[in-house]
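In what follows, a structure is listed as structure tokens, so that the remarks can point back to it.
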Ligand SMILES: Nc1nc2c(ncn2[C@@H]2O[C@H](COP(=O)(O)OP(=O)(O)OP(=O)(O)O)[C@@H](O)[C@H]2O)c(=O)[nH]1
Ligand SMILES: [Mg+2]
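Numbering (the UniProt record's numbering), first residue to last: 1 to 509.
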């Protein structure tokens, strides 16, 4: 049995960026002639592309993990790393891409339509690119960044203009075979069709696609038979065709009853759709055609005559056909062609589905600090694109590279923000999300002795508790005066005792 897969979960990872190189140019009489380490190459992207020859998502059912090639490492002598190759994954026309949280990211319609599912990581800068007037010969390079990683759900929604629905064995596949070049499997047992078949019909000026859907039975909306899963393929059709079997051998069935049953199941399915937001005509209001099939059989023709008036109340076109004798098929193909044409004309210009990349939760600084409680105390988590990327770029075995990271973080204002959040030297600081975070014991690099001042906005010098009272100050003043008077008296006594002589009086002893 052919396997048909129309819904898969796919994990995509962009290629990681190549590391930059730290290298010093050597010349004959100048062994340290400046940095010449080149940058690493960018990792490849994972790209989904609509491909005409791909009809199912089966390939990804078997291989749900897809990763693009990483970028090459930078080398000395300014040789840059090669860019990683993109991984282009072919998908069928009408593939809808949904994120892990259920948001629709892309609706891939039209051969060649592309969607970047996961971006490759940037290559790390080499030490040549890191050199500047102050840092003439950096002894480190930046690491390449990891590629983006995403879990996506791919869902195939066939893009057919006309959808045929009906009981099993009503003759849906037979009709497609009779009206188009498609050759679906046809047999006299129910559920012959397990995957939708697609055919192209040409009728005069008209050209449109027609698809059948595996047979529906009462209770399909509760999962009976093949369930309603396949109805996602009719979500996009312009015209619905009810194929009714006028010659069913089952005694408890008749075309009018079959129609009511199928409509009930469709209505249950339609109720589960969010049609308002998708901008399409609601499923139950789409142009509909009733096809009375198997009228080549005498019983079928009789039944068609009996039921026609009753069905006419619905005021939709009713066509008697036979997939076997081809009776009525030409008329049917023109009726459908006209309806498709009208529906297409009423359609607004197709706009490519906007690709929504959810913005990261950061404030205008580009990062934020959140405090988290854990058993041992409080941790401070830095969230933001830049700090997280910089951490990935850092070779933590190289002190110079770690210093460079510290400078970058301080310049961005991360240290200020940590102080403001209450972090002190030795606090646990995490950069990055969840368990992927890099954990530091924080050593502030703040200059100017500010770290001695305690928390931002306070100054220990202003916090002095023992300010002298006025009385105490007077007392100090009296004590100083008394001490000075004592010194003067002592000097006077010495002078009088004749220890000192005045050279100007010429006296000799
Ligand atoms: N006599 C006659 N037999 C028909 C006609 N159309 C289909 N059949 C027969 O009915 C049986 C079922 O036809 P299919 O086309 O496989 O029916 P289906 O609706 O695709 O059935 P599922 O795929 O099981 O849902 C086959 O044996 C066909 O030969 C018709 O117009 N006249
Ligand atoms: Mg079939």
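Glycine included, each C-beta is placed from N, C-alpha and C at the ideal position. Since this is a predicted model, take the numbers as computed values, not measurements.
Could you check whether residue j and residue i sit closer than 8 Å to each other, using their CB atoms as the reference points?
{"i": "residue 196", "j": "residue 233", "result": "yes"}
{"i": "residue 290", "j": "residue 324", "result": "no"}
{"i": "residue 44", "j": "residue 68", "result": "yes"}
{"i": "residue 439", "j": "residue 414", "result": "no"}
{"i": "residue 400", "j": "residue 35", "result": "no"}
{"i": "residue 89", "j": "residue 149", "result": "no"}
{"i": "residue 101", "j": "residue 340", "result": "no"}
{"i": "residue 20", "j": "residue 6", "result": "no"}
{"i": "residue 300", "j": "residue 246", "result": "yes"}
{"i": "residue 166", "j": "residue 123", "result": "no"}
{"i": "residue 295", "j": "residue 251", "result": "no"}
{"i": "residue 47", "j": "residue 115", "result": "yes"}
{"i": "residue 121", "j": "residue 146", "result": "yes"}
{"i": "residue 105", "j": "residue 97", "result": "yes"}
{"i": "residue 409", "j": "residue 444", "result": "no"}
{"i": "residue 57", "j": "residue 156", "result": "yes"}
{"i": "residue 194", "j": "residue 214", "result": "yes"}
{"i": "residue 12", "j": "residue 118", "result": "yes"}
{"i": "residue 200", "j": "residue 181", "result": "yes"}
{"i": "residue 225", "j": "residue 216", "result": "yes"}
{"i": "residue 158", "j": "residue 125", "result": "no"}
{"i": "residue 403", "j": "residue 385", "result": "no"}
{"i": "residue 26", "j": "residue 33", "result": "yes"}
{"i": "residue 421", "j": "residue 371", "result": "yes"}
Taking 7 Å as the line, does the beta carbon of residue i fall inside it for any heavy atom of ligand 1?
{"i": "residue 180", "result": "no"}
{"i": "residue 293", "result": "yes"}
{"i": "residue 258", "result": "no"}
{"i": "residue 320", "result": "no"}
{"i": "residue 512", "result": "Because residue 512 is not part of the residues shown, which for the chain are 1 to 509, the question remains open."}
{"i": "residue 301", "result": "no"}
{"i": "residue 203", "result": "no"}
{"i": "residue 297", "result": "yes"}
{"i": "residue 146", "result": "no"}
{"i": "residue 196", "result": "no"}
{"i": "residue 225", "result": "no"}
{"i": "residue 215", "result": "yes"}
{"i": "residue 166", "result": "yes"}
{"i": "residue 229", "result": "no"}
{"i": "residue 187", "result": "yes"}
{"i": "residue 579", "result": "The requested residue 579 is not part of the displayed model; the chain covers only 1 to 509."}
{"i": "residue 163", "result": "no"}
{"i": "residue 323", "result": "yes"}
{"i": "residue 248", "result": "no"}
{"i": "residue 190", "result": "yes"}
{"i": "residue 169", "result": "yes"}
Name, in chain order, the residues that DSSP records as bridge partners for residue i.
{"i": "residue 428", "result": "379, 441"}
{"i": "residue 318", "result": "290"}
{"i": "residue 47", "result": "88, 116"}
{"i": "residue 164", "result": "212, 241"}
{"i": "residue 35", "result": "24"}
{"i": "residue 107", "result": "96"}
{"i": "residue 9", "result": "153"}
{"i": "residue 372", "result": "379"}
{"i": "residue 198", "result": "211"}
{"i": "residue 65", "result": "11"}
{"i": "residue 79", "result": "75"}
{"i": "residue 206", "result": "203"}
{"i": "residue 185", "result": "None; residue 185 has no bridge partner."}
{"i": "residue 30", "result": "27"}
Under the criterion of a Cβ to heavy atom distance below 7 Å, does residue i qualify as lining ligand 2?
{"i": "residue 172", "result": "yes"}
{"i": "residue 184", "result": "yes"}
{"i": "residue 193", "result": "yes"}
*Counting Cβ pairs, one atom from each stretch, are 3 or more of them under 8 Å apart for the segment 65-85 and the segment 159-174?*
no
Does the contact criterion of 3 or more C-beta pairs under 8 Å hold for the segment 221-231 versus the segment 243-262? no
message = Does the segment 299-308 come into contact with the segment 120-136, if we say contact requires no fewer than three beta-carbon pairs (one atom in each stretch) closer than 8 Å?
response = no
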